[in-house]
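Protein sequence lines correspond, in order, to chains A and B.
Numbers 136 to 280, taken from our numbering, label the letters of the first sequence in order.
Numbers 136 to 280, taken from our numbering, label the letters of the second sequence in order.
Note that CB positions come from ideal geometry on N, CA and C, so glycine has one too.
Protein chains: 2
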Amino acid sequence: MKSRAELAELLRSHGLKCTRSREAVLGYLESACQPADAERIYAELRAMGIAVNLSTVYRTLESLCGVGLAKKVVLENEGRALFEFCDSAHRHYLVCICCKKIIPITFCPLGEYEQQLEQRTGYEITGHKLDVYGYCPQCKKISRA
Amino acid sequence: MKSRAELAELLRSHGLKCTRSREAVLGYLESACQPADAERIYAELRAMGIAVNLSTVYRTLESLCGVGLAKKVVLENEGRALFEFCDSAHRHYLVCICCKKIIPITFCPLGEYEQQLEQRTGYEITGHKLDVYGYCPQCKKISRA
DNA sequence: CTTTAAATGAGAATCATTTGCATTTGCATT
DNA sequence: AATGCAAATGCAAATGATTCTCATTTAAAG
């Protein structure tokens with residue numbers, strides 16, 4: 136959980152002008168425990184008494200992603216894009232297909248696989264996206280009941 | 136490349152009424168060498184002289200996916216959904232971030248990884264999605280020139 | 001050949017996201 | 001502290017993919 140001053144500094148050091156909306160959105164993402172979509176960020180900020188405009192939230196998210204302060208996460212069967220604070224760590228997501236809870240996974244087993252693929256296909260591989268789907272412990276119980 | 140009769144049989148054996156549009160869409164997917172989006176399928180069919188409606192293409196794709204004859208593929212940074220004929224093989228995609236060409240990959244290295252995840256997280260894992268991004272041989276050359 | 005439920009066409013509706021434009025604001029400079 | 005200006009914002013309208021409504025057509029069961 137970063138202070139107001141830290142957020143401002145983070146923005147400036149990434150070449151972004153520091154504004155009320157940007158500070159708010161960045162602060163929200165930084166303290167969020169899960170990726171959130173624009174509408175949700177918008178709603179939560181309003182609930183906190185910070186009047187931002189939805190377009191501004193979208194624009195801010197775009198800027199933050201542009202400078203690497205946020206990351207856009209697009210999941211299958213999810214109509215809208217999610218965003219998270221970007222600590223520049225490579226990660227994957229484990230998504231509950233029932234309650235939609237998302238937990239990040241830091242272990243990635245694909246390094247060697249990518250090398251093999253490069254050799255076999257002649258592609259120059261720049262990255263990958265892996266999401267795992269299933270039932271979280273709670274939903275597993277419920278679906279059995 | 137399946138015959139008209141084979142397509143009809145495929146539809147019926149999956150519990151779908153056989154109609155002109157469905158036969159056309161299924162036939163297109165079956166002979167396509169890459170996943171295609173609804174608009175493209177629509178355009179190509181019209182170009183072949185088959186007058187289908189775009190809504191029908193969407194509805195047909197939904198039905199086909201519903202009975203397992205097609206598969207929806209959602210890629211990052213791709214505004215629209217893609218669809219492919221479903222031969223029920225588990226596969227991943229290697230997508231050129233430059234020309235958007237997509238090649239399917241049949242080798243999947245994630246079986247063991249999923250088991251480890253189940254143990255560590257208590258989730259019941261039902262599946263995953265892995266897409267790999269990079270430059271295809273041609274685009275690799277171009278970007279260097 | 002009827003019948004009937006399901007499929008289709010045409011266009012309106014929806015939903016997330018983007019954009020145009022007038023107004024405001026950060027912030028560097030007087 | 002006041003000024004200027006480009007960048008950021010608010011608002012409403014535009015967009016693009018997809019879905020829905022409803023009147024009409026069609027597949028295929030009887």
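Which of the three DSSP states, helix, strand or coil, is assigned to residue i?
i: G150(B); result: coil
i: G246(A); result: helix
i: A216(B); result: coil
i: L274(A); result: The question names Leu, yet the displayed sequence has Cys at residue 274(A). The answer is helix: DSSP assigns C274(A) an H, G or I state.
i: G203(A); result: coil
i: L265(B); result: strand
i: E211(A); result: coil
Kindly indicate which residue of the options has the alpha-carbon position closest to the one of residue i.
i: C271(B); options: L245(B), P244(B), I237(B); result: I237(B)
i: A159(A); options: I240(A), H149(A), K137(A), Y248(A); result: K137(A)
i: I277(A); options: C231(A), F242(A), P244(A); result: C231(A)
i: T241(A); options: E249(A), C234(A), A224(A); result: A224(A)
i: C274(B); options: L245(B), K235(B), P244(B), R175(B); result: K235(B)
i: L210(A); options: V202(A), E219(A), G203(A), L204(A); result: E219(A)
Return the CA-CA distance between residue i and residue j, expressed in angstroms with no decimal places.
i: P170(B); j: C153(A); result: 43 Å
i: L164(B); j: A178(B); result: 13 Å
i: I185(B); j: K207(B); result: 23 Å
i: A167(B); j: T195(B); result: 16 Å
i: V192(A); j: L151(A); result: 15 Å
i: I176(B); j: G162(B); result: 11 Å
i: A173(B); j: L189(B); result: 7 Å
i: C200(B); j: R139(A); result: 49 Å
i: G203(B); j: E144(B); result: 14 Å
i: C243(A); j: C233(A); result: 24 Å
Q: Tell me, please, whether the segment 206-218 of chain A touches the segment 241-260 of chain A by the rule of three or more beta-carbon pairs shorter than 8 Å.
A: no
Q) Per the contact definition of three or more C-beta pairs closer than 8 Å, is the segment 263-276 of chain B in contact with the segment 260-276 of chain A? A) yes
Q. Curious, which full-length beta strand (DSSP E) runs of at least 3 residues does the segment 142-195 of chain B contain?
A. Runs of beta strand (DSSP E) with 3 or more residues, each lying fully within the segment 142-195 of chain B, are absent.
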